[in-house]
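Chemist:
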Amino acid sequence: MLRHAVFGFISLLSSVTGAGLLLLKTPCSECETMYAACETAAYMDDAQCRQNANTQKAQCDLLAWTEWQHCRNNCPPNNAGMCLQQCDYGYNQALSNCQRAYTDQIAACDNILQARLPACDQARSGCYASCQP
675 MLRHAVFGFI SLLSSVTGAG LLLLKTPCSE CETMYAACET AAYMDDAQCR QNANTQKAQC
735 DLLAWTEWQH CRNNCPPNNA GMCLQQCDYG YNQALSNCQR AYTDQIAACD NILQARLPAC
795 DQARSGCYAS CQP
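Read in order, the letters of the sequence shown are residues 675 to 807 in the working numbering.
Given below as structure tokens:
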């Protein structure tokens with residue numbers, strides 16, 4: 675994959691500067707291979723991002739639940755009603771924060787594909803514009 679990245683970089687550099695030497699130009703047969711590697715890497719990074727977001731969400735939810743249980747277990751008997759309400763409120767706030775963080779992370783994951791797929795297309799176009807037949 676590194677070979678394709680180097681070929682792609684040289685192709686992109688050549689197309690931008692017009693300074694590519696014939697020896698350094700990417701063979702045209704490599705343009706689709708480079709594009710597939712670029713696209714695959716983008717989808718893999720997106721999948722890893724989403725997996726991380728799901729893991730972080732599960733850990734956040736578990737921590738909120740653990741803290742809620744600890745809170746409820748430490749309510750004094752003479753003020754249990756008010757204490758339990760406060761524990762429940764804190765738990766709901768924590769879950770809301772977990773959901774907000776998860777939503778933000780998924781939005782960041784969405785940006786991976788939105789940014790990288792057009793860059794892959796542009797690199798492929800640049801490759802074909804300057805490749806060695």
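A virtual CB, placed ideally from N, CA and C, is assigned to each residue, including glycine. Just so we're clear, the structure is a prediction, and the values are computed from it rather than from any experiment.
Based on Cα-Cα distance, which residue from 707, 711, 701 and 779 lies nearest to residue 862?
Modeler: No information on residue 862 is available, as it lies outside the stretch 675 to 807 that the chain covers here.
Chemist: Measure the beta-carbon distance from residue 787 to residue 715 and round it to whole angstroms, keeping in mind my assumption that it falls under 8 Å.
Modeler: Their Cβ separation, rounded to whole angstroms, is 11 Å, which puts residue 787 and residue 715 out of contact at 8 Å.
Chemist: Is residue 755 buried or exposed, if buried means 16 or more other CB atoms sit within 10 Å of its CB?
Modeler: Exposed, since its Cβ has fewer than 16 Cβ neighbours within 10 Å.
Chemist: What are the complete alpha helix (DSSP H) segments, minimum 4 residues, inside the segment 715-739?
Modeler: If we require 4 residues or more, the segment 715-739 turns out to have no alpha helix (DSSP H) run fully inside it.
Chemist: Any heavy atom of the ligand ATP closer than 7 Å to the beta-carbon of residue 701?
Modeler: For the structure depicted, the ligand ATP is absent and the ligand set is empty, with no information on it obtainable.
Chemist: Classify residue 704: buried if its beta carbon has 16 or more other beta carbons within 10 angstroms, exposed otherwise.
Modeler: Counting Cβ neighbours within 10 Å, residue 704 comes out buried, since at least 16 surround it.
Chemist: Out of 759, 730, 770 and 708, point me to the one whose CA is closest to residue 745's CA.
Modeler: Considering only alpha carbons, the answer is 759.
Chemist: Can you name the residues that DSSP bridges to residue 806?
Modeler: Per DSSP, 701.
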